[in-house]
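Numbering (numbering that gives the first Met the number 0), first residue to last: 0 to 495.
For each residue, glycine too, the CB sits at the ideal point set by N, CA and C.
Just so you know, these numbers come straight off a predicted model, no measurement behind them.
Below: the structure, in structure tokens.
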Amino acid sequence: MNLRQAEPLLKFLVLETTRRCNLRCVHCAVSEENNLGAYDARDLPMDLFRKILAILRDFRPKVQLSGHGETLLHPHFMNMVEEVCRLGCQVVFQTNGTILSHQQVERFVRLGVERIVFSIDAASAGLFEKIRRRAKLTHVLSNIHLLNETKRTFGSSRPTLGVEFVAMRQNIHELPLVVRLAGELGAATVQVAELTEYNLTRGQSLANDPLMIPWAKQAAEEAVAWGVQLLLPSNIPRSQGTAAEPEERVIDADNPATYRGFRKDCNEPWESMFVQFSGEVRPCCVITESYGNLSVQNFEEVWHGQKYQALREALISDAPPAPCLRCPFKAWRVIDSATAVTEPTAAAESTVFMEAAPPSLVERLRLKVLRIGRGILRKATVRDPTIVLSDQQLRWILIRLGSPELERDFVQIREGSVSLTGKCLELLLGPGGAPLPDSLFVSRAYRRLLGREPDVRGFQGYFRALVSRKITRTLVISSFLSSDEFQRILPPSKHP
């Protein structure tokens, strides 16, 4: 994406429902602030929630209904989930997993909640309960099993399960065991979060610490064995296939010479917003400064306000803000005009391209994919897929599915004897399997993933790797066929 020219478009909203919590974890701000007697443990007012619903109705972003507290403690949390799901927004939330009830779990499954992330900082009961004070590991695991059993009862693939692990010196040796436990539980992801040190955890941070390397390698091997996506902070070794390697270059936030020629790989000021229970707005969880308050301001005043605009300018300058320099969640990337000017989602979602699509063909493709999606993908979509064909110089088809979990199945879609995947590959590779144009995202992503040029033999494997790793939730299918030619390729489509 050319961030200098990008129009900010809200795609992800984090809504903190409460600051209250039933636990006192050693690494959490709730415990720290309560010890000081200064923590304001309050719930999100419902009148503010209804005001935010209007924003969700306009933008349909993905919504995370959790923040610093235990979100299930809000007395109207289930109503919030229901109202946000009714708008067609993907809903995710994080929980400590201690107070889930059977009735809640059943409603989450029925409503189609996208993902529930459980906080699990150790695989052994002793260490888990030392860190997550007032919690019992056996009880949390019992509630996860309840979620899995309920999904099986209703034949649902959602909510998918995620695990978050806060990495510290005292628990890093159990990271491989937590990944294995997550795999046994059927989790899709394990997110390793960097510790923010408070008084109870001084000296426990592993940022840029070699101690992380052997445990990250073991965790990565477990992740591959169990089919779990392991997500590591940017300032510790990353999982790359079957092994984790330390970053080759350490960037010092206090030394501009070390990050000259680099930019933070972050679109959050253009795409996301964190709304605290009080209505205070932050661009992300790293920046603690308030950028406005939705209790007293409308969305446009905050989103297009001076502070947000200044942050966007600073983030793409040679002097990014101090919190961004130290952010462990976003990696640094080399400034490269070949890849930095245009990102795939910005181009694919351009209304110029969408307007170029012949309406009859769009409707025909839409009906076809809707029927396949409903039949083969077990009704796992949140919203209808969007199918767009462009007739411009670079012709492409955009198929945007409603859920990232669908994309693992997408490559196996068949309708009778017709494989939609095969047609996609034909169009992508062209006659004879010619390599993709360098300007296309999938070609660049393929080279980044496998380190070589696309070809007929390897592309289907790449396609599966691309979607299973969730590199993108948008599949861009390119060809030099005209819309009429593509229409002739497709078999006749009947209305569902």
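Query	Result
Which of helix, strand or coil DSSP assigns to residue 78	helix
When 153, 294, 289 and 188 are compared against residue 109, the one with the closest alpha-carbon	153
Beta-ladder partner(s) of residue 11, from DSSP	61 and 271
Alpha carbon of residue 149 to alpha carbon of residue 156, nearest angstrom	10 Å
Three-state secondary structure (DSSP) of residue 177	helix
Distance between residue 129 and residue 123 (C-alpha atoms, nearest Å)	10 Å
Short Cβ contact (8 Å threshold) for residue 162 with residue 194	no
Three-way DSSP call (helix, strand, coil) for residue 66 in this model	coil
Supposed close pair residue 314, residue 326 - CB separation, criterion 8 Å	Not a contact, Cβ separation roughly 10 Å.
CB contact flag (residue 73, residue 43, <8 Å)	yes
Opposing strand residues paired with residue 263 [DSSP bridges]	331
Through-space distance from residue 45 to residue 293, alpha-carbon basis	13 Å
Continuous beta strand (DSSP E) stretch holding residue 160: start and end	159-166
Alpha-carbon spacing of residue 99 relative to residue 272, whole angstroms	27 Å
Spatially closest choice to residue 277 from 11, 12, 16 and 7, by CA coordinates	16
Among 203, 264, 23 and 89, nearest to residue 330 - alpha-carbon criterion	264
Close Cβ partners of residue 521 (< 6 Å) along its chain, the five nearest in sequence each way excluded	In this structure the chain extends from 0 to 495, so residue 521 is not present and cannot be described.
Complete alpha helix (DSSP H) runs within the region 113-153 (minimum length 4 residues, chain order)	124-130 and 136-153
Three-state class that DSSP yields for residue 198 in the structure shown	helix
Whole-Å CB distance - residue 14 paired with residue 64, under 8 Å assumed	6 Å
Own chain, CB closer than 7 Å to residue 279, minus 5 neighbours either side, in chain order	289 and 292
Boundaries of the beta strand (DSSP E) in which residue 228 is found, first to last residue	228-230
Residue 132 beta carbon less than 8 Å from that of residue 25	yes
Exposed unless 16 or more other CB atoms sit within 10 angstroms - verdict on residue 316	exposed
Candidates 196, 204 and 119, of which the one nearest residue 174 by Cα	119
Best match in 296, 267 and 300 for proximity to residue 285 [C-alpha to C-alpha]	267
Straight-line Cα distance separating residue 107 from residue 96	14 Å
For residue 562: DSSP bridge partner residues	The structure shown does not extend to residue 562, since the chain is modelled only from 0 through 495, so no value can be given for it.
Endpoints, the alpha helix (DSSP H) within which residue 223 is located	211-225
Helix, strand or coil at residue 473 according to DSSP, with G and I counted as helix	Below a pLDDT of 50, predicted positions are generally treated as unreliable, and residue 473, at 32, falls in that range; no measurement from the model is reported.
Short Cβ contact (8 Å threshold) for residue 22 with residue 270	no
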